[in-house]
Amino acid sequence: MTTDTKAWKKLFTEVIDAGLCTLCGVCSGFCPYLAYHKGRIAILDNCDLANDSQCYQYCPRTFTDLDALSRTVFGSPYYHEPVGQAKKIVIARSSDVRIRTKAQYGGVVTTALSFALEKGLVDAVLLAKTPADKVPQPFLARDMESLMQCTGSNYMACPVLYGYNQFPREGLISGGKLAIVATPCQVLAISKMKHKPPQNRFSVDGIKMVIGLFCTWALAPDRFYVFMKEVVDLADVTKFDVPPPPANRFDVYTTSGIVSLPLEQVRQFTMPGCAYCTDMTSEFADISIGAAEGIEGWNTVIIRTEVGEELWQALISNGKIEVSELPAQNLDHLKEAALLKKKRALNELRKKSGDPKNLLYLGLSPDWVEKLLI
Amino acid sequence: MSIALNAPGTSQLFIGNEAIARGALEAGIGFAAAYPGTPSSEIIGSLAQVAKDVGIYVEWSVNEKVAVEAAAGVSFAGIRALAAMKQNGVNVACDFLSNLVMSGIGKRGLVLIVCDDPSAISSSNEQDTRPVAKWLDIPLVEPGDFQEAKDMTRWLFDLSEELGTICMLRSVTRIAHARGNVKLGELPQIRHKAFFDQVHDLSNLMPTRYIPVPSPVRHLFQHMRLNRAKEKFETVPFNRYVGPRNPELLIVTCGSCWLYSLDAVKALKIDDRVGILKLGTLWPLPEKFIQDHVANAEKILFVEEIDPFLEQNVVEFIASLPSIGRLPAFYGKRSGHLNAYGELNPDTVIKAICSIMNLTYQPRPVDFSSRAESFKKSHVPERSMTFCPGCPHRATFWAIKNALKLDGRNGFVTGDIGCYSMAIGPAGFMQVRTMHCMGAGAGIANGLGKLGQFGFDQPVLAVVGDSTFYHATIPALVNGIYNKSNFILVILDNSATAMTGFQPHPGTGMTAMGEPTDVVSMEALCRALGAKVEVCDPFDLKSTTATLLDMMAQGGGAKVVIMRRECELVRSKKQQAPYRVCVDEKKCIGESCGCDRLCTRVFLCPGLIWDKKAGKAKIDDVICTGCGVCADICPRGAIVKEAR
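Same order as they appear, the protein sequences are chains L and Y. Those letters in the first sequence? Residues 18 to 391, per this note's numbering, in order. Those letters in the second sequence? Residues 782 to 1425, per this note's numbering, in order.
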């Protein structure tokens, strides 16, 4: 067997064709050879660049040294707590009713970002936006109004980092201050970029804050919509929601009411790569935000870094959010769920590699693996 | 020099095609029609230029079949007519020709000019059309030089009239496009009067009819015409012999190979040992003339392009002679001394003669070829066949390539005949998977588009040029629409028959004689046929790609996407470049960019240069046409276009 050293070939062999891709988008957007279209990364032409190229290097499903990344982000080795490093974990909601009513849960993501824009902490926010056709696209929001168009989740994989890679072309090469709202795989890719800054792209120093989202899996837009079109008229859909366990439902809010689907029916359309993800809470983000299980209209918030802490304090002191303590039982549930995701993924990785010691992309010490799997 | 120059007796420098056109004028034609095709195009081209002055009608017909049918109609109405085409055109016209042979022509002569392209220099296929004349049972002649090209054409009209059959003149690229002295004859002053004489009144039950039935009888009549032709061919000046009375070797040749043979004998200085029998009338063979010259020959070499046409027919004839004792030794393609493919030249003929006569000939130093090769490497830049800078086809195939890859179902392109045939290579990013004759891409797509029941899900794009669309694609589109075949016909409408020299076609609004006329709107036509039609500007890569993706995603029956952008060579004659394009040296960071030189490695517009020293891309201002497309493919936006 010959080993091809071309980066794109390795990316396809090891990640995309191997079913590990999560559509984070970090490989494409700048690269004129790799393109995103309807839930797929396509290769348009042969590129001769070797495997230290950026498409391969920053992919969250090529070799990932968690310790090294953790040192870059937190200044300390990887911390094997199921929810990652945390300065504090609370529940919170936006003080702004307007945001709250439109947001998925407590509206904390939108509130934090709108505050950051307002105060000039960042010039722009990169995040996913769901246009009328319901296929989410990377979007650069520069003000409150455009930010509000991006509220809510649709559980769909969106190549947000594809948008990041387009900045050199759009003229946003350096100097700009950026916030990124990212899923765990995207946060991982951003961490890889922070660890070994990309050349000739938008400078990682310009990434002023990373808001991580909780994520258990994301749906593959192409396959999911083929299915959804049979169920509802996509134009009528206003919101998707996965109510906390044990509901086991996927709720589709439409202009004419809620259509509830069994969760299992929808889960068959998840990105295959999500099965190999050990991170539920975006462990390398500045602040991670998700639902507050059982507390309707509130978010669970994990403040992880100095940057996150600073922003959080500013949000509180400016009265932008209401904060409350996370009940101990909720914290247990959160950790349990995060650990479960880790266990599942580790087992899937072992199964895929056919070797209990081979975790494919994941650089994690065998001791920790054993501990996590107990 | 105008082919209508009224200066009898003077010598003019004409290319072969002009000589043929002049011959037709001297024969007093009133009508000429053709579909352009290299190497035949200049015949109609030069006639069209003088048509108004000399009072004849000349047209670029929609295809060769229509051209020869129209010419036949004119013959039926009592006016001499000419149709011209390249080898492929004869194939298109053959169904009509095979019937015309049975029906006979009108009272006035009808001549078919066929220009073959040995080595397929400007063709998709290599084809010797001479056997077609034999198969059709029509007289066939081939000029051996430029004077003959004119004289034969003129004479062939007389022959056609006398025999009542269409006659074929076959030429090849090196006659059609080479230039030589032609001594002009008289231009007749004719007042053409056209009338379809039906010789039909109430007492005459058998009006004049041009019909092929009853065929067996008419077939016999045609054989009788050929016999008369054979007799006439015995004495024409186009057949001749040069050489000693009893040559050691007799060369039998025709066409441009006559000139190669003369050169070879001269170079070898063996004109006292070798005779050349030059035939101008190739079918039927001037048998007595041949018999006289082969009687004493012991060795006969056939020198002709491309097939062993003379070789087979002459050998067959000699073998059938009752007086023949011992057969001479035959050399040529059958013996392996010459190839039955590709062009010949004096060198190949010299090599064959040397091999037969045990001669040695070293025209140049032994290492000449290797030295020439190394000189070429150091002095001539390597170039592959490519589209012109600013050509809309490059942008079209870029969009097609990306759309097919993004679609992700292994879609592909069936190609056709035109400049865009070059998309079989790097010029079109290797996108074309099939390429045959005019219209074949759409025809092939018709079959592929019906394979859904066998699990076939690959999108099929049949790419065709505008002129080719009118020529031979419409029936394939009708078939696809009616039978719900799932393919997309992509018409590359550059408003020109660009490959052959910008001849007008039904989409251009201009006739061969420069008269304005109404455009046959391809989108109106396609829509009327029931196809969904989208019109794109290929320079808008984004929306063109999106349209293609959308059309592919839709599936269903045959659809049409028209890529509309004028041929750059036509546009640039009328307007200045739309953009000033340059590389922003600060933005282009060369090899460290990560783009792997997309612009000069993949996109490959000749207007883009890789500056090795600076390690950056550069625009070649001399040949850049300012289309601005490269600015849209640079991922960094380092190629800048400024509107002029």
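Here a beta-carbon is modelled for each residue, glycine too, at the ideal position from N, C-alpha and C.
Closer than 8 Å, Cβ to Cβ, to anything on chain Y: give me those residues from the stretch 130-144 of chain L, in chain order.
none
Between which residues of its own chain and residue 834/Y is the CB-CB distance below 7 Å, once the five residues before and five after are set aside?
As a working note, residue 834/Y is residue 53 in the second sequence. The answer, listed in chain order, is 785.
Looking at chain L, which residues of the stretch 1359-1381 of chain Y have a Cβ within less than 7 Å of any of its Cβ atoms?
1370, 1373, 1374, 1375, 1376, 1377 and 1379
Just mark residue 1263/Y as buried or exposed, buried being the case when its beta carbon has 16 or more other beta carbons within 10 Å.
Locating residue 1263/Y in the second sequence gives position 482, where the first residue counts as 1. Per the 10 Å Cβ criterion, exposed.
So that I know if they touch, is there some Cβ in chain Y lying closer than 8 Å to that of residue 19/L?
As a first step, residue 19/L must be located in the first sequence, where it is residue number 2. Residue placement at residue 19/L is flagged as unreliable, the pLDDT there being 45, under the threshold of 50; a coordinate-derived value is accordingly withheld.
Is the beta carbon of residue 1042/Y less than 8 Å from the beta carbon of residue 1051/Y?
Looking up residue 1042/Y in the second sequence gives position 261. Looking up residue 1051/Y in the second sequence gives position 270. For residue 1042/Y and residue 1051/Y, no; Cβs fall outside 8 Å.
Grab the span of the beta strand (DSSP E) containing residue 107/L for me, first residue to last.
Counted from its first residue, the first sequence places residue 107/L at position 90. Where residue 107/L is concerned, the enclosing beta strand (DSSP E) stretches over 105-111.
Output, in sequence order along the chain, the residues in the stretch 41-63 of chain L whose CB is closer than 9 Å to any CB in chain Y.
46, 47, 48, 49, 50, 52, 53, 54, 55, 57, 59, 60, 61, 62 and 63
For the stretch 208-223 of chain L, list every residue whose C-beta sits within 7 Å of some C-beta in chain Y, in sequence order.
216 and 217
From residue 1158/Y to residue 1147/Y, what distance separates their C-alpha atoms?
As a working mapping, residue 1158/Y is identified with position 377 in the second sequence. As a working mapping, residue 1147/Y is identified with position 366 in the second sequence. Residue 1158/Y and residue 1147/Y: Cα-Cα distance of roughly 19 Å.
Just the Cα atoms here: how many angstroms apart are residue 1421/Y and residue 1363/Y?
Counting from 1 along the second sequence, the entry for residue 1421/Y is found at position 640. Counting from 1 along the second sequence, the entry for residue 1363/Y is found at position 582. Distance from the CA of residue 1421/Y to the CA of residue 1363/Y, rounded to the nearest whole angstrom, comes to 5 Å.
For residue 1207/Y, would you say it is in contact with chain L, using Cβ-to-Cβ distances shorter than 8 Å as the test?
For this step, residue 1207/Y is matched to residue 426 along the second sequence. No, no contact with chain L.
Taking the straight line between their C-alpha atoms, what separation do you get for residue 23/L and residue 1242/Y?
The sequence position of residue 23/L within the first sequence is 6, counting from 1. The sequence position of residue 1242/Y within the second sequence is 461, counting from 1. Near 30 Å, if we compare the C-alpha coordinates of residue 1242/Y and residue 23/L.
Positions along the stretch 915-935 of chain Y whose CB lies within less than 7 Å of some CB in chain L
Only those residues of the stretch 915-935 of chain Y whose C-beta falls short of 7 Å from the nearest C-beta of chain L would be listed, and there are none.
If I'm right that residue 749/Y touches residue 1038/Y with Cβ under 8 Å, what's the distance once you round it to whole angstroms?
The structure shown does not extend to residue 749/Y, since chain Y is modelled only from 782 to 1425, so the question has no answer here.
When the distance is taken between beta carbons, is residue 1290/Y closer than 8 Å to residue 1261/Y?
Locating residue 1261/Y in the second sequence gives position 480, counting from the first residue. Locating residue 1290/Y in the second sequence gives position 509, counting from the first residue. In this structure, residue 1290/Y does not lie closer than 8 Å to residue 1261/Y by Cβ.
Neighbour flag for residue 66/L against chain Y, beta carbons, 8 Å
On the first sequence, position 49 is the one that residue 66/L refers to. Taking Cβ atoms only, chain Y reaches closer than 8 Å to residue 66/L, which makes this a yes.
When Cβ atoms are compared, which residues of the stretch 237-266 of chain L fall closer than 8 Å to chain Y?
none
8 Å Cβ cutoff, residue 1323/Y in contact with chain L:
Locating residue 1323/Y in the second sequence gives position 542, counting from the first residue. It does not; no Cβ of chain L falls within 8 Å.
May I have the straight-line CA-CA distance separating residue 298/L from residue 1265/Y, to the nearest angstrom?
For the purposes of this step, residue 298/L is taken as the residue at position 281 of the first sequence. For the purposes of this step, residue 1265/Y is taken as the residue at position 484 of the second sequence. Taking the straight line from one Cα to the other gives about 52 Å.
Could you name each continuous alpha helix (DSSP H) segment of 4 residues or more that falls completely within the stretch 1349-1401 of chain Y, going from the start of the chain to the end?
1349-1355
Nearest by alpha-carbon distance to residue 930/Y: which of 1222/Y, 794/Y and 1047/Y is it?
Locating residue 930/Y in the second sequence gives position 149, counting from the first residue. The residue with the shortest Cα to Cα distance from residue 930/Y is 794/Y.
Of the residues 1348/Y, 1080/Y and 1063/Y, the one placed nearest residue 1284/Y, counting alpha carbons only
Stepping through the second sequence from its first residue, residue 1284/Y is reached at position 503. When the alpha-carbon of residue 1284/Y is set against those of 1348/Y, 1080/Y and 1063/Y, the nearest one is in 1348/Y.
Any beta carbon of chain L sitting closer than 8 Å to that of residue 1414/Y?
Counting from 1 along the second sequence, the entry for residue 1414/Y is found at position 633. Answer yes: the Cβ-Cβ gap between residue 1414/Y and chain L drops below 8 Å somewhere.
Chain Y partners of residue 148/L, CB-CB under 9 Å?
For the purposes of this step, residue 148/L is taken as residue 131 along the first sequence, with counting starting at 1. In chain order: nothing, as chain Y lies at least about 14 Å away.
Please name the residue in 42/L, 376/L and 371/L whose C-alpha comes closest to that of residue 183/L.
As a working note, residue 183/L is residue 166 in the first sequence. Ranking 42/L, 376/L and 371/L by Cα distance to residue 183/L puts 42/L first.
Closest by CA to residue 144/L, which one among 31/L, 136/L, 137/L and 156/L?
The residue given as residue 144/L occupies position 127 in the first sequence. Among 31/L, 136/L, 137/L and 156/L, the Cα nearest to that of residue 144/L belongs to 156/L.
Taking C-beta pairs closer than 9 Å, name the residues in chain L that residue 1186/Y reaches, listed in chain order.
Counted from its first residue, the second sequence places residue 1186/Y at position 405. Simply 52, 54, 59, 60, 61 and 62.
Interface residues of chain L around residue 1417/Y at Cβ under 7 Å?
Numbered from its first residue, the second sequence carries residue 1417/Y at position 636. Close partners of residue 1417/Y in chain L (Cβ separation under 7 Å): 185 and 186.
Which term fits residue 972/Y, buried or exposed, when burial requires 16 or more other beta carbons within 10 angstroms of its beta carbon?
Indexing the second sequence from 1 puts residue 972/Y at position 191. Answer is exposed; the Cβ neighbour count stays below 16.
Using a Cβ-Cβ distance cut-off of 8 Å, determine whether residue 330/L contacts chain Y.
Counting from 1 along the first sequence, the entry for residue 330/L is found at position 313. Not one chain Y Cβ lies under 8 Å of residue 330/L.
Is residue 1301/Y close to chain L? Criterion is C-beta to C-beta, closer than 8 Å.
Counting from one through the second sequence, the residue named residue 1301/Y turns up at place 520. So no, residue 1301/Y is outside the interface.
State buried or exposed for residue 1341/Y, treating a residue as buried only when at least 16 other CB atoms are found within 10 Å of its CB.
By 1-based counting over the second sequence, the position of residue 1341/Y is 560. The residue in question, residue 1341/Y, is buried, as its Cβ has 16 or more Cβ neighbours within 10 Å.
For residue 269/L and residue 276/L, what's the separation of their Cα atoms in angstroms?
For this step, residue 269/L is matched to residue 252 along the first sequence. For this step, residue 276/L is matched to residue 259 along the first sequence. So the two alpha carbons sit approximately 5 Å from each other.
What does DSSP give as the partner residues of residue 258/L in its beta bridges?
Taking the first sequence and counting its residues from 1, the one referred to as residue 258/L is at position 241. Bridge partners of residue 258/L: 268/L.
Chain-order list of residues whose beta-carbon lies under 7 Å from that of residue 261/L (same chain, five-residue window excluded):
Numbered from its first residue, the first sequence carries residue 261/L at position 244. Only 308, 310 and 311 meet the Cβ criterion.
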